[in-house]
Amino acid sequence: MRARILSFDADPGDGDTPNEGSVVYHEDGALWWEAGRIRALGNWEELSAQLPTDVSVIDQRDKLVMPGFIDSHVHYVQLDIMASYGRQLLDWLNEYTFPEECRFAQREHAEHMADAFLDELMRVGTTTAQVFCSSHPNSVDAFFSAARRRDLCMLAGKVLMDRHAPEELTDDTRGGIRDSERLISDWHGTGRLGYSVTPRFAPTSTREQLDAAGGLLRNDPSLWLQTHLSENLGELDWVAELFPDSRDYLEVYEKSNLVGPRSTFAHGIHLDNGMRGRLAERGANIAFCPSSNLFLGSGLFDRSAARDNNLNLTLASDIGAGTDLSGLATLKAGYQVGQLRGQPLTAWAGFHALTRGNAVSLSLDDRIGRLAPGMDADFVVLDLYASPLLARRMARCTSLAEELFTLMMLGDDRAVHETWAGGRLQHRRQT
Ligand code: GUN
Ligand code: ZN
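Numbering (the UniProt record's numbering), first residue to last: 1 to 431.
Put into structure tokens, the structure is as follows:
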């Protein structure tokens with residue numbers, strides 16, 4: 001593919017000028033892939049001279065190619081309850097979320113929703129996500145089957161909940177773990193899929209279930225872990241009441257061996273530096289979910305405090321509490337939250353987070369997140385002139401940094417011209 005090409009080899013930092021060596025940019029670039037893997041990346045003039053004559057060239061010189069976007073925390077089973085009015089976390093869960101998740105007991109419903117969700121992800125250029133299913137093993141089989149058919153790199157897991165939820169969603173403590181073991185053996189490492197052990201959050205699991213989830217991770221360190229942490233003040237009070245033996249929310253998870261380098265804790269809004277430091281020491285990551293935090297009124301994430309404490313961060317939509325699946329919209333919300341805290345997010349830091357940053361924090365950077373030889377051919381072809389307004393504003397831009405910032409503030413799914421994953425065209429925008 002001949003196009004403008006942007007990728008990151010390292011963290012660009014938070015300054016206006018990216019750190020030396022972090023940005024790889026070819027104004028007239030070439031990306032060469034074969035059988036789902038990238039063979040080479042470079043300047044068109046140099047690379048095209050080396051191409052065998054039977055290689056077909058897709059000319060997209062007016063487009064910008066980036067690695068496929070990554071969403072580190074999203075609930076596919078909540079797609080249809082996005083935009084549910086007027087509640088904060090705990091009431092939102094009881095009134096909207098749990099009733100919706102009950103529907104995934106039916107395999108056909110789960111299959112339909114898995115395909116609808118993946119269609120949406122492809123439309124917004126997100127090629128990898130770490131996904132909460134429901135507590136029904138069916139919902140996980142449906143999701144992984146759909147992702148496998150499309151040859152996508154996806155992490156997902158069955159929600160573990162053995163208390164404080166409707167009966168239809170509640171596991172038997174050990175039964176939930178046995179179901180997880182079966183799903184791990186069927187799906188973990190199959191194709192480009194990985195299993196993420198998924199206790200919903202501390203209030204909906206007994207200590208026994210959290211310990212058993214930790215046991216799964218101890219037995220197989222190649223597994224991932226996803227849960228929620230310190231999102232909402234009411235939640236914090238409830239956790240303190242339920243786990244009086246833990247000095248803070250994080251210690252509830254620490255005591256069950258759930259905090260490690262492959263663990264993602266969504267939100268982490270209400271943390272102190274002690275907790276940030278403990279998370280950083282273990283290499284765990286916090287998923288910053290700005291549109292969700294604004295929608296549920298959960299709070300303004302302190303990104304600078306997280307960075308100052310060397311905490312691994314990821315960026316996520318958290319649908320259905322998030323208001324948009326698009327990584328561009330997540331960046332926009334991230335910028336807005338940052339502004340309210342006096343910490344504006346640069347486009348460099350933003351697009352790095354969406355691609356290589358999320359891949360590194362999720363331990364997937366040996367496969368995705370960068371455009372480089374040997375990496376999986378997952379990329380997005382962006383049209384910076386996709387709408388009349390974008391085109392007008394882009395015409396004023398005088399630098400790549402300005403173009404990228406305009407894209408993250410004014411771009412939406414219309415800017416996603418094509419999405420490729422595993423070297424296959426997964427989506428092309430119909431105009
Ligand atoms: N905490 C526990 N479950 C959930 C969920 O489904 N969404 C969000 N945003 N927070 C949670
Ligand atoms: Zn969530």
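All C-beta atoms, glycine included, are put in the ideal place defined by N, C-alpha and C.
Computed from a predicted model, the values in this text were never measured in an experiment.
query                                                                                                                           : result
beta-carbon G230 near the ligand GUN non-hydrogen atom, thresh 7 Å                                                              : For clarity, residue 230 is Ser in the given sequence; the question names Gly instead. Checking the Cβ of S230 against the ligand GUN gives no.
Selection from Q226, R39, G68, N94 that minimises the alpha carbon distance to V55                                              : R39
Sufficient close CB pairs (3 or more, under 8 Å) joining the region 79-96 to the region 151-163                                 : no
Simplified DSSP state of Y335, which is helix, strand or coil                                                                   : helix
E108 (DSSP reduced to helix, strand or coil)                                                                                    : helix
Start and end residues, beta strand (DSSP E) containing V381                                                                    : 379-382
Strand pairing of A40, partner residues [DSSP]                                                                                  : W32
A156 CB to nearest heavy atom of the ligand ZN below 7 Å                                                                        : no
Beta-carbon spacing of V124, V416 below 8 Å                                                                                     : yes
Contact the region 33-50 vs the region 410-428: 3+ CB pairs below 8 Å                                                           : yes
Contacts around G268, its chain only, beta-carbon distance under 6 Å, and the 5 residues preceding and following it disregarded : L229, S230, I286
Candidates Q209, F201, M408, of which the one nearest R178 by Cα                                                                : Q209
Q50, buried or exposed, once every other Cβ within 10 Å from all chains shown has been counted against 16                       : exposed
Contained alpha helix (DSSP H) runs [length at least 4] in the region 190-235, N- to C-terminal order                           : 207-219
Close-in-space but distant-in-sequence residues of the same chain around R414 (CB under 6 Å, 5 per side omitted)                : A386, S387
Best match in P203, G297, Y195 for proximity to Y253 [C-alpha to C-alpha]                                                       : P203
Three-pair Cβ contact test at 8 Å for the region 288-295 versus the region 325-334                                              : yes
The beta strand (DSSP E) enclosing N312, as first and last residue numbers                                                      : 312-315
Nearest-angstrom Cβ-Cβ length linking F69 and T355, presumed shorter than 8 Å                                                   : 7 Å
D11 and G357 closer than 8 Å at C-beta                                                                                          : yes
Check: T97 C-beta below 7 Å from any heavy atom of the ligand GUN                                                               : yes
Close beta carbons around L258, own chain, < 6 Å, minus the five adjacent residues each side                                    : G214, L225
D179: first and last residue of the uninterrupted alpha helix (DSSP H) it sits in                                               : 173-187
Given N273 as reference, the closest of D302, M154, D245, G297 once Cα atoms are compared                                       : D302
V65 vs C133 beta-carbon contact at 8 Å                                                                                          : no
Cα-Cα separation between L152 and P244, rounded to whole angstroms                                                              : 42 Å
Simplified DSSP state of V159, which is helix, strand or coil                                                                   : strand
Contact the region 376-386 vs the region 339-354: 3+ CB pairs below 8 Å                                                         : no
A306 versus T346: straight-line alpha-carbon distance, rounded                                                                  : 16 Å
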